[in-house]
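Trainee:
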Amino acid sequence: MATEIINGFLNALAPINILAMILSTAGGIIIGAMPGLSAAMGVALLIPLTFGMPASTGLIVLGGMYCGAIFGGSISAILIHTPGTPASAATAIDGYQLTLQGKAGKALGTAVIASGIGGLLSCISVYFFAPVLAKLAMAFGSPEYFWLSLFGLTIIAGVSTNSILKGLMSGALGLLFACIGMDPMDGVMRYTLGSASLYSGLPFTATLIGLFSMSQVLILAERKIRKQGNMIEFDDRVMLSRKELKLISPTIIRSWIIGNLIGILPGAGASIASFLGYNEARQFSKHKEDFGHGSIEGIAGSEAANNAVTGGSLIPTLTLGIPGESVTAVLMGGLLIQGMQPGPDLFNKYADVTYTFFAGFVLVQIVMTALGLFGSRWFAKVSRLSDSILIPAIFALSVVGSYAIRNNMVDVIVMLLFGIIGYFVKKFDLNPAAIVLALILGPTGESGLRRSLALSGGNPMVLCSSVVSIVLIILCIFGIFSPIFMKKFEKQALGEDAAADCISSN
Amino acid sequence: MKKSDISVIVVIYVITFIFFVSTLAFPSDAQIYPMIVMAILALLNTLYLIQCVMKFAKVKKITNDYPIIFASFQHKQFFVVLGLCILYIVLMSILGFYSATFLYMLGTMAFLKVSKKPLIITLVCFMAMVYATFTLFLNVPLPTGILM
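Sequences listed follow chains A and B, in order. Each residue of the first sequence is one higher than the last, beginning at 1 in this note's numbering. Each residue of the second sequence is one higher than the last, beginning at 1001 in this note's numbering.
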């Protein structure tokens, strides 16, 4: 494994990969800093671009966008009290207070350093746990894959919306959409409306772009156009002093552990981690009175935790194929586009690609820190771009992106349709991430179920005949009820002051 | 109980029904899996309906939450932007990708009142970026249109 890790770093340091890291991370920071644009949207738009790249470079690009966007959210949270992404809501509490005191540079510096170290440390768990968990997947047969896909679905459907039932309904709706195309066992055409372009199912990238990017165009178009934002100019130093670094170090370590664990746990996500990190920072701080009034420990707690989620969340995504949140669900789409399936193959057959990606992910954290420390002022200016420019630009990119994969106009129409569907899904509090995940996991689950039944002569008991299956069934039940635990978790993490501030910031 | 809940429930039933009718045309073996999925969707939707009815029994009122969901909804702006998006896709098949994109970007930005200088800069930079990325770097054969 040591050789593979070293080779991974050597490959990741190729000039094309370094360029890919810099551009994608910078793009991610800009997208994250723009209120209203999400990391998932950025990753979805980039997938078609990565299709023509070598697999490792493509994955590094997606990783750069992911990490950059999670950090980028803190820029607008600190400078205009509007979190660019939900993961930075906790950062806004103390970050904006520091901005009001004329210390925006210090707040941004803390966010950059905490994000960079949090993300960097989270990579350790990827190297240690991912190969072990992938080996576990080798024990899986058809029934286990059926339950695994159901588990992935229940956990994301349950956690991401306010209503458990609405989340599960979104997942089931996605499973129904996943039935479109050729029947995997009998070869019958299902719901294709006679279009040969739909024989292999809904075009995944186009559907993804529609649900996350085109729907965002409609959301931006329905409200009063946000003209160029009034970002506060700042002139204090972004670099922190040695004393300040010493002050935030224990907080970063605590938040790294919290964020990493939350990331590995499918369904929780970066927003919960950032509030938990913030709350723990306050619990352990010697200056509790500063929290809510401009504490750099508060910013470090939140930012280290949300970036530590990035590494952790890759583990269930790459090993078992169960992404825990919307960004990793989209990122998994990028993996599938390259013809790579999550699981043990990633660590054997595609080991060179996987370890190059891991090394790239480590280097992305360093690139992100450097870009943040030296370019925060510039990123703050770019993120002031008006919605009237973003709307046509995002849509035109969505069109060219959905067309580029198969050079097919039907894909563009599917993108438009799913953009409109995605708009209503978001408006009515259903869950687009659960729909996307169902599109990914649906075929795996269907094949698992039908193969198991075919091999057992139609006996449904085959589905609960192994220990792994029973464990997965228990996990599915946990998945359905996990929102109740998560809500408790969130309440605990928010605390009264933070909750009040968060509400006022939204 | 909220009006939006009623809409969600009705739409899900309608979608399930449409898929159900289409499924009846499949051979029996191919019907099983989609039917299972539809049964799950219908069951979850019915549970949601029961949950909403129970809420209604408590408060005896249907709340109209549409003004909240569509608060500050700009009708004209929304439908013109959506219309331009659809027109863009139609134009792309006729004029080709680059001409249609130029017209779409120009039209949408002009409608959204982007002033001249940023409009020209955005248009030039965007077209150059797409050309460099998709045509030069990725070699994607973008639609040339029926006129070409």
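Ideal Cβ placement from N, Cα and C applies to all residues, glycine included. Because the structure is a prediction, the values reported are computed rather than measured.
Determine whether the Cβ of proline 1067 of chain B lies closer than 8 Å to any Cβ atom of chain A.
Mentor: If you number the second sequence from 1, residue 1067 of chain B lands on position 67. No, no contact with chain A.
Trainee: Please list the segments of the alpha helix (DSSP H) lying wholly inside the stretch 12 to 53 of chain A, counting only runs of 4 or more residues, in order along the chain.
Mentor: With a minimum length of 4 residues, the continuous alpha helix (DSSP H) runs that stay inside the stretch 12 to 53 of chain A are 15 to 33 and 39 to 51.
Trainee: Whole angstroms is fine: what's the gap from glutamate 222 of chain A's alpha carbon to isoleucine 470 of chain A's?
Mentor: Here residue 222 of chain A corresponds to residue number 222 of the first sequence, with the count starting at 1. Here residue 470 of chain A corresponds to residue number 470 of the first sequence, with the count starting at 1. If you take the alpha carbons of glutamate 222 of chain A and isoleucine 470 of chain A, they lie about 47 Å apart.
Trainee: Can you find the residues in the same chain that come closer than 7 Å, C-beta to C-beta, to isoleucine 248 of chain A, ignoring five residues on each side of it along the sequence?
Mentor: The residue you call residue 248 of chain A lines up with position 248 of the first sequence. Result list for isoleucine 248 of chain A: Thr110, Ala114, Ile296, Glu297 and Ala300, in chain order.
Trainee: Check this for me: beta carbons of lysine 1068 of chain B and lysine 1003 of chain B, under 8 Å apart or not?
Mentor: Within the second sequence, residue 1068 of chain B is the residue found at index 68, counting from 1. Within the second sequence, residue 1003 of chain B is the residue found at index 3, counting from 1. In the sequence under discussion, the amino acid at residue 1068 of chain B is isoleucine, which differs from the lysine named in the question. No, the Cβ-Cβ distance between isoleucine 1068 of chain B and lysine 1003 of chain B is not below 8 Å.
Trainee: Once the 5 residues before and after threonine 1016 of chain B are set aside, which same chain residues still bring their CB inside 8 Å of it?
Mentor: Translated into positions along the second sequence, residue 1016 of chain B becomes position 16. Around threonine 1016 of chain B: Met1038, Leu1041, Ala1042 and Asn1045.
Trainee: Could you give the residue range of the alpha helix (DSSP H) that holds alanine 1156 of chain B?
Mentor: No answer is possible for residue 1156 of chain B: it lies beyond the span of chain B, which begins at 1001 and ends at 1148.
Trainee: Run the CB neighbour count on glycine 277 of chain A, radius 10 Å, all protein chains shown included, and call it buried at 16 or more, exposed below.
Mentor: Taking the first residue of the first sequence as position 1, residue 277 of chain A is located at position 277. Buried is the call here.
Trainee: On the criterion of 16 or more Cβ atoms from any shown chain inside 10 Å, does glycine 1083 of chain B qualify as buried, or is it exposed?
Mentor: Counting from 1 along the second sequence, the entry for residue 1083 of chain B is found at position 83. By the 10 Å Cβ count, glycine 1083 of chain B comes out exposed.
Trainee: List the residues of chain B whose Cβ lies closer than 7 Å to the Cβ of serine 388 of chain A, in chain order.
Mentor: As a position in the first sequence, residue 388 of chain A is number 388, starting the count at 1. Going along chain B in sequence order, the residues near serine 388 of chain A (Cβ under 7 Å) are Met1109, Leu1112, Lys1113 and Val1114.
Trainee: Would you mind stating whether leucine 202 of chain A and isoleucine 180 of chain A have Cβ atoms separated by less than 8 Å?
Mentor: For the purposes of this step, residue 202 of chain A is taken as the residue at position 202 of the first sequence. For the purposes of this step, residue 180 of chain A is taken as the residue at position 180 of the first sequence. In contact: leucine 202 of chain A and isoleucine 180 of chain A (Cβ atoms closer than 8 Å).
Trainee: Using beta carbons (cut-off 8 Å, strictly below), is asparagine 407 of chain A in contact with chain E?
Mentor: In the structure shown, chain E does not exist; the protein chains are A and B.
Trainee: Between leucine 153 of chain A and alanine 434 of chain A, is the Cβ-Cβ spacing less than 8 Å?
Mentor: Here residue 153 of chain A refers to the residue found at position 153 of the first sequence. Here residue 434 of chain A refers to the residue found at position 434 of the first sequence. Taking 8 Å as the Cβ cut-off, leucine 153 of chain A and alanine 434 of chain A qualify as a contacting pair.
Trainee: Along chain A, which residues have their Cβ under 9 Å away from the Cβ of threonine 1133 of chain B?
Mentor: Walking along the second sequence from the start, residue 1133 of chain B turns up at place 133. Result: Leu49 and Val400.
Trainee: Could you tell me which residues DSSP pairs with arginine 190 of chain A in its beta bridges?
Mentor: One-based indexing of the first sequence puts residue 190 of chain A at position 190. In DSSP, arginine 190 of chain A forms a bridge with A/Gly181.
Trainee: In the structure shown, what three-state DSSP assignment does alanine 500 of chain A receive?
Mentor: What you label residue 500 of chain A is simply residue 500 of the first sequence in a count that begins at 1. Note that alanine 500 of chain A scores 45 on pLDDT, short of 50, meaning its location in the model is unreliable and no value can be drawn from it.
Trainee: What residue does the alpha helix (DSSP H) around glutamine 1077 of chain B start on, and which one ends it?
Mentor: Reading the second sequence from its first residue, position 77 is the one you call residue 1077 of chain B. Run containing glutamine 1077 of chain B: 1075 to 1095, per the alpha helix (DSSP H) assignment.
Trainee: Do the stretch 235 to 242 of chain A and the stretch 446 to 453 of chain A touch if we need at least three Cβ pairs shorter than 8 Å?
Mentor: As far as the Cβ criterion goes, the stretch 235 to 242 of chain A does not touch the stretch 446 to 453 of chain A, which means the pair count is below three.
Trainee: In this structure, how does DSSP classify threonine 85 of chain A when only helix, strand and coil are distinguished?
Mentor: Taking the first sequence and counting its residues from 1, the one referred to as residue 85 of chain A is at position 85. Reduced to three states, the DSSP call for threonine 85 of chain A is coil.
Trainee: For glycine 174 of chain A and leucine 19 of chain A, what's the separation of their Cα atoms in angstroms?
Mentor: Position 174 of the first sequence, counting from 1, holds the residue named residue 174 of chain A. Position 19 of the first sequence, counting from 1, holds the residue named residue 19 of chain A. If you take the alpha carbons of glycine 174 of chain A and leucine 19 of chain A, they lie about 36 Å apart.
Trainee: Between the stretch 1003 to 1016 of chain B and chain A, which residues of the former have a C-beta closer than 9 Å to a C-beta of the latter?
Mentor: Answer in chain order: Ser1004, Asp1005, Ser1007, Val1008, Val1011, Ile1012, Ile1015 and Thr1016.
Trainee: So for threonine 1144 of chain B, helix, strand or coil by DSSP?
Mentor: The residue labelled residue 1144 of chain B in the question sits at position 144 within the second sequence. Note: threonine 1144 of chain B maps to coil in three-state DSSP.
Trainee: Applying the criterion that 16 or more other CB atoms from any shown protein chain within 10 Å of the CB defines a buried residue, is glutamate 289 of chain A buried or exposed?
Mentor: Within the first sequence, the letter at position 289 stands for residue 289 of chain A. Burial call: exposed.
Trainee: What residues from the stretch 327 to 341 of chain A come within 9 Å of chain B, judged by C-beta to C-beta, listed N to C?
Mentor: Correct list: empty, as no residue qualifies.
Trainee: Would methionine 1001 of chain B count as contacting chain A if we go by Cβ distances under 8 Å?
Mentor: For this step, residue 1001 of chain B is matched to residue 1 along the second sequence. Cβ-Cβ to chain A under 8 Å: no for methionine 1001 of chain B.
Trainee: Could you say which of A/Ile93, A/Gly52, A/Phe284 and A/Asp345 lies nearest to threonine 1133 of chain B if we only look at CA atoms?
Mentor: Residue mapping note: residue 1133 of chain B aligns to position 133 of the second sequence, counting from 1. It is A/Gly52.
Trainee: Of all the CB atoms in chain A, is at least one closer than 8 Å to the CB of threonine 1063 of chain B?
Mentor: Here residue 1063 of chain B corresponds to residue number 63 of the second sequence, with the count starting at 1. No - not a single Cβ of chain A is within 8 Å of the one on threonine 1063 of chain B.
Trainee: Run through the DSSP bridge pairs and tell me what lysine 1003 of chain B is partnered with.
Mentor: Here residue 1003 of chain B refers to the residue found at position 3 of the second sequence. Answer is none; lysine 1003 of chain B lacks a bridge partner.
Trainee: Can you give me the C-alpha to C-alpha distance between glycine 321 of chain A and isoleucine 264 of chain A, rounded to a whole angstrom?
Mentor: As a first step, residue 321 of chain A must be located in the first sequence, where it is residue number 321. As a first step, residue 264 of chain A must be located in the first sequence, where it is residue number 264. Those two C-alpha atoms are separated by around 12 Å.
Trainee: For chain B, is any of its Cβ atoms less than 8 Å away from the one on aspartate 186 of chain A?
Mentor: The residue you call residue 186 of chain A lines up with position 186 of the first sequence. At least one chain B Cβ lies under 8 Å of aspartate 186 of chain A.
Trainee: Glutamine 101 of chain A: buried (16+ other C-beta within 10 angstroms of its C-beta) or exposed?
Mentor: Looking up residue 101 of chain A in the first sequence gives position 101. So glutamine 101 of chain A ends up on the exposed side.
Trainee: Please identify, using Cβ separations under 7 Å, the residues of the stretch 1038 to 1062 of chain B that lie next to chain A, in order along the chain.
Mentor: For the stretch 1038 to 1062 of chain B, which is checked against every Cβ of chain A, the residues closer than 7 Å are Met1038, Ile1040, Leu1041, Leu1044, Asn1045, Leu1047, Tyr1048 and Gln1051.
Trainee: Can you grab the Cα-Cα spacing for the pair glycine 508 of chain A / serine 197 of chain A, in whole Å?
Mentor: It is not possible to answer for residue 508 of chain A, since the shown part of chain A is limited to 1 through 506.
Trainee: Ordered along the chain, which non-local residues of its own chain (more than five positions away) have a Cβ less than 6 Å from that of serine 353 of chain A?
Mentor: Along the first sequence, one-based indexing puts residue 353 of chain A at 353. Note that residue 353 of chain A is valine in the sequence shown here, rather than serine. If we look at valine 353 of chain A and ignore the five residues flanking it on each side, its Cβ neighbours are Ala55 and Ser56.
Trainee: Suppose you measure from the CA of phenylalanine 284 of chain A to the CA of valine 112 of chain A; what does that come to, to the nearest Å?
Mentor: Counted from its first residue, the first sequence places residue 284 of chain A at position 284. Counted from its first residue, the first sequence places residue 112 of chain A at position 112. Using only the alpha carbons, I get a separation of about 21 Å.
Trainee: List the residues of chain B that aspartate 183 of chain A touches, going by C-beta distances under 7 Å, in chain order.
Mentor: Start at 1 with the first residue of the first sequence, and residue 183 of chain A comes out as number 183. Neighbours of aspartate 183 of chain A on chain B, chain order: Ala1030.
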